[in-house]
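Asker: So the sequence lines, in the order shown, correspond to chains A and B.
The first sequence maps to residues 1 to 213 in this note's numbering.
The second sequence maps to residues 214 to 467 in this note's numbering.
Below is a structure I'd like to ask you about.
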Amino acid sequence: MAWITETFTTSIGKKILMALTGLSFCGFLTVHLIGNLTLYGGQDLFNAYVEHLHSLGPLIIVFEWGLLLLAIIHILTGSILFFQNLKARPVRYKVNKNAGGRTLGSATMPYTGFILLLFIIFHLLDFHFVDHTTQTVYQIVSNSLSQIGLATVYIFAVVIAAIHISHGFWSLFQTLGANHPKYMPLIKNIGILFSLLIGIGFGFIPIFIAFIA
Amino acid sequence: MTKNINLTLKVWRQKGPNVKGRLETYYANDISTDMSFLEMIDVVNEQLTLEDKEPIAFDHDCREGICGMCGAVINGRAHGPEKGTTLCQLHMRHFSDKDVIVIEPWRARAFKIIKDLVVDRSALDTIIQAGGYVSVDTGGAQDANSIAIPQEIAELAMDAAACIGCGACVAACPNASAMLFTSAKISQLALLPQGKPEAALRAIAMVNVMDKLGFGNCTNEKECEAECPKEISIINIARMNREFLKAGLISTVK
Ligand code: HEM
Ligand code: FES
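Right, dumping it as structure tokens:
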């Protein structure tokens, strides 16, 4: 079975791991966003959705541990790639100029990724690892997001996620070898649309809770 | 229209591989805009020689964009600011009077500096030696047209084969990755029937050697494709990834 480690520890193998875990996160964010849209329907609808989610029982546990595993792979592999890439150019250029390939998203992948890691830890401490016996999940969410400071943190993190995805989405297809002259323009447009949807969809939740609900 | 311009050059000078280098300032006066960039350096070197100073060492050979020997980073751009040209094809008409031009060598851990702007690119040859060839048995030559190759495939293979191995992709890559170079060769051979028998072996061998040489990992920044003097597309990198995955996961090659 050495061929498995031999394949996935190469440069391309590690990129494939980034692409597959990144694709899974895109899928997770889609489901997460659809679920969270129930917040716009008010307290009862949202709590009913949470109730429904929790009633899935063991399935939810499997999903949570699965996501954790994917996150560990994505973060560890991403960190290895980042440090290898730094080492690959020990003496840097005095003058740096882009030829037009790089984008805001592509140039900041490791940094936006790191901010996302910090945010995810904060987000779990804020919503997940808190007392769920005396308050409903809606109360937890609205207590947090109605504070302007915390709402700002959430909006900032969502914008960072949108920037990460603006490069990550098309990039994962390229990495997986799915670059076809007929389909690549479409994939790039879907990636931009998807990152905007994630940014606007999640980004308006704190605004809605803080100022409207 | 030809005119003469005066330039300030800041050139990377380094006596040898293991000594510290630094940017030195030189003045290139009365440079005709009809000159190529390398001819401009020739003029500066003549002047340095007359002053009994060490001329600037730089690589060059054909001076017409086909050999891949020349190359330097000009104001942060590999082979200078023009698209689809090598440094020897860059003309001074793209610069203006009183410009300050910073000239640096290709920078990558896998490309050691030999002297000034001359770097050792033999790492690229090492990648080719790992599998960038087809094994041809001897015997009676078959008819040249006995293997039909669709025009579309021949064109794609030719586009990949246009690589002159100058190393600008590595120099321009924010990660000093050699994936555009490696993928061009893997693609050229994987596309053609003659290259198919060894495709799996080649993909695994070339990627492993590329990794060992200390190049970085591609993060799809597309800077290589933007700087490549032969405008080789990153679609070749996607093909290399497919070839590597096929070889690693489906073929029986280890
Ligand atoms: C919801 C969270 C996240 C999503 C949706 C996501 C998605 C993606 C995607 C799709 C890619 C592209 C893979 C490729 O280039 O083939 C990627 C790359 C990357 N991600 Fe994330 N990611 C997330 C969180 C993180 C976190 C927490 C980190 C923390 C370290 C991170 C670090 C990176 C890095 C460094 C890359 C670049 C790897 C490369 O280009 O080779 N990401 N991400
Ligand atoms: S000297 Fe041959 S390509 Fe420039």
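Even glycine gets a Cβ: it sits at the ideal position worked out from N, Cα and C.
#1: Is the separation between the beta-carbon of Leu251 of chain B and that of Phe308 of chain B shorter than 8 Å?
#2: Identify every run of the alpha helix (DSSP H) within the region 120 to 159 of chain A, keeping only runs that are complete inside it and at least 4 residues long; order them along the chain.
#3: Give me the Cβ distance between Asp372 of chain B and Ile445 of chain B, rounded to the nearest whole Å; I'm assuming they're in contact under 8 Å.
#4: Strictly below 8 Å CB to CB, what residues from chain B border Ile16 of chain A?
#5: By a C-beta neighbour count over all protein chains shown, 10 Å radius and 16 as the cutoff for buried, is Leu462 of chain B buried or exposed?
#6: Just to check my reading of the structure: His292 of chain B and Ala389 of chain B have Cβ atoms closer than 8 Å, yes? What is that Cβ distance to the nearest angstrom?
#7: Tell me which residues of the region 83 to 112 of chain A have at least one Cβ-Cβ distance to chain B shorter than 8 Å, keeping chain order.
#8: How many angstroms separate the CA atom of Leu59 of chain A from the CA atom of Lys325 of chain B?
#9: Is there a Cβ of chain B sitting closer than 8 Å to that of Gly177 of chain A, yes or no?
#10: So which of B:Ile450, B:Met214, B:Met248 has the shortest CA-CA distance to Asn179 of chain A?
#11: Taking the alpha-carbon of Trp319 of chain B as reference, which of B:Asp310, B:Val347, B:Asp272 has the nearest alpha-carbon?
#12: With a 10 Å radius around its C-beta and 16 neighbouring C-beta atoms as the bar for buried, classify Lys398 of chain B as buried or exposed.
#13: Pairing CB atoms from the region 167 to 176 of chain A with CB atoms from the region 71 to 86 of chain A, are three or more of them under 8 Å?
#14: Starting from the N-terminal side, write out each stretch of the alpha helix (DSSP H) that is 4 residues or longer and does not extend beyond the region 373 to 420 of chain B.
#15: Say the cut is 7 Å; is the CB of Cys376 of chain B nearer than that to a heavy atom of the ligand ZN?
#16: Name the residue from B:Val257, B:Asn217, B:Pro406, B:Arg226 whose alpha carbon lies nearest to the alpha carbon of Ile244 of chain B.
#17: Which value, in whole angstroms, describes the spacing of the CA atoms of Gly35 of chain A and Met419 of chain B?
#18: Below 8 Å, can you find three or more Cβ-Cβ pairs linking the region 334 to 346 of chain B to the region 409 to 417 of chain B?
#19: Taking the beta strand (DSSP E) that Tyr183 of chain A falls in, what are its first and last residues?
#20: If Gly101 of chain A and Glu317 of chain B are in contact, beta carbons under 8 Å, what's the gap, nearest whole angstrom?
#21: Unbroken alpha helix (DSSP H) runs of length 4 or more, entirely within the region 10 to 70 of chain A: which are they?
#22: Using a Cβ-Cβ distance under 8 Å, would Gly345 of chain B count as near chain A?
#23: Touch check for the region 198 to 206 of chain A and the region 221 to 236 of chain B: three-plus C-beta pairs under 8 Å?
#24: Distance, Cα to Cα, Gln260 of chain B vs Cys386 of chain B?
#25: Taking 8 Å as the cut-off, decide whether the C-beta atoms of Asn96 of chain A and Gly289 of chain B are in contact.
#26: What does Ile12 of chain A touch in chain B if you count any residue whose Cβ is under 7 Å from its own?
#27: Taking 7 Å as the cut-off, is the CB of His273 of chain B close to at least one heavy atom of the ligand FES?
#28: Hey, does Trp65 of chain A have any beta-carbon neighbour from chain B nearer than 8 Å?
#29: Run through the region 247 to 294 of chain B for me and flag every whole alpha helix (DSSP H) of 4 or more residues, listed as ranges in chain order.
#30: Taking any Cβ of chain B, which residues in the region 49 to 83 of chain A have a Cβ under 7 Å from it, in chain order?
Answerer: Reading off the structure:
#1: no
#2: 137 to 145
#3: 7 Å
#4: Asn454, Leu458
#5: exposed
#6: Contact doesn't hold; Cβ gap of about 16 Å is too wide.
#7: Gln84, Asn85, Lys87, Ala88, Arg89, Pro90, Val91, Arg92, Tyr93, Lys94, Val95, Asn96, Lys97, Asn98, Ala99, Gly100, Gly101, Arg102, Ser106, Ala107, Met109
#8: Those two C-alpha atoms are separated by around 54 Å.
#9: yes
#10: B:Ile450
#11: B:Asp272
#12: buried
#13: no
#14: Those alpha helix (DSSP H) runs which fall completely within the region 373 to 420 of chain B and span 4+ residues are 381 to 385, 392 to 404.
#15: The ligand content of the structure shown is limited to the ligand HEM and the ligand FES, which means the ligand ZN is not among them.
#16: B:Asn217
#17: Spanning the two alpha carbons is a distance of roughly 46 Å.
#18: By the Cβ rule, the region 334 to 346 of chain B counts as touching the region 409 to 417 of chain B, because three or more pairs are nearer than 8 Å.
#19: Per DSSP, Tyr183 of chain A lies in no beta strand (DSSP E) and is assigned neither H nor E.
#20: Not a contact, Cβ separation roughly 19 Å.
#21: The qualifying runs are 11 to 36, 43 to 54.
#22: no
#23: no
#24: Taking the straight line from one Cα to the other gives about 34 Å.
#25: yes
#26: Val420, Asn454, Phe457
#27: Yes.
#28: no
#29: 250 to 263
#30: Leu81
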